Amino acid sequence: MNKSGITLIVQRLILASMIWCGLVQADFNREYQLKAAYLLNFARFIYWPDQVIESRDYFNICVIGDSPFEESLDRLSNKKIKNKKIKIKYSQDFERENYCHIVYISDGNKNKYREIINKINGEPILTVSDIDDFANYGGMIGFIRVKNKIKFEINVEKSTKSNIKYRSQLLEVAEKLR
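Here the sequence shown stands for residues -7 to 170, numbered as in our numbering.
Take a look at the structure:
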């Protein structure tokens, strides 16, 4: 094979890898846009105790750990939940003074998510994550993948102990209830 033939093959391989990487990145971005939309809709289909909502100026969504979907979440800041403007807060650990309504624990916090859940235990704070078996091990809503689609499971018992109730429409679309 001559030099121009090898150059052509290399160019095609580079182009193919760039296209493939772009598709993977698009799927990744779409996944986290979907998860951000889920967080917004979870809030709309959940009942918190009245004093929890009324005592805050904002509806606070707290992200613990590195956030792969910061851009998607920040777009929620112009939305409202329960007539409160949404505020997204980022930190590496749960901080009670953030007055979170929803705590999203990133997948990168696998080693300490149980510690975070124990700090929140019994408080009306919705915990959500895409850590494997999150709802099975004390979290309230866990993202799961079913047939290459993003779904979620709900730990109703844990939520009830924290005085969080779900509207029937949310329970009906959950993949699993625990």
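Positions of the beta carbon are idealized from the N, C-alpha and C atoms, including for glycine. For clarity, every value in this text was computed on a predicted model and none was experimentally measured.
Sequence-distant Cβ neighbours of residue 38 in its own chain, meaning closer than 8 Å and more than five residues away, are 118, 156, 157, 158, 159 and 162. The beta carbon of residue 66 lies closer than 7 Å to those of 80 in the same chain, with the five residues before and after it left out. Between residue 98 and residue 130, the CB-CB gap reaches or exceeds 8 Å.
The residues 52, 54, 81 and 83, in chain order, have a CB closer than 8 Å to that of residue 90 in the same chain once the five nearest residues on each side in sequence are set aside.
For the set 134, 139, 143 and 140, the Cα lying nearest the Cα of residue 150 is the one of 134. Note on the region 47 to 77: whole beta strand (DSSP E) runs with a minimum of 3 residues are 50 to 56, in chain order. Exclusion of the five residues before and after residue 102 leaves 123 as the residues of its chain whose Cβ lies within less than 7 Å of its Cβ.
By the neighbour-count criterion, in which a residue is buried when 16 or more other Cβ atoms sit within 10 angstroms of its Cβ, residue 138 is exposed. The secondary-structure analysis by DSSP pairs residue 120 across a beta bridge with 96 and 133. Close CB contacts of residue 40 within its chain, under the 7 Å cut and outside five residues either way in sequence, are with 93, 116 and 156 (chain order). Per DSSP, reduced to three states, the secondary structure at residue 156 is coil, with no helix or strand assignment.
Closest in alpha carbon position to residue 127, among 140, 111, 61 and 105, is 105. Nearest C-alpha to residue 21 among 153, 62, 143 and 136: 62.
Taking C-beta separations shorter than 6 Å and ignoring five residues to either side along the sequence, the partners of residue 146 in its chain run 133, 166 and 169, following chain order. When the alpha-carbon of residue 46 is set against those of 77, 96 and 69, the nearest one is in 77. Per DSSP, reduced to three states, the secondary structure at residue 23 is helical. When the Cα atoms are used, residue 143 and residue 95 turn out to be separated by approximately 18 Å. Bridge pairing for residue 145: 134 and 168 [DSSP]. In the displayed model, residue 30 falls within a helix according to three-state DSSP.
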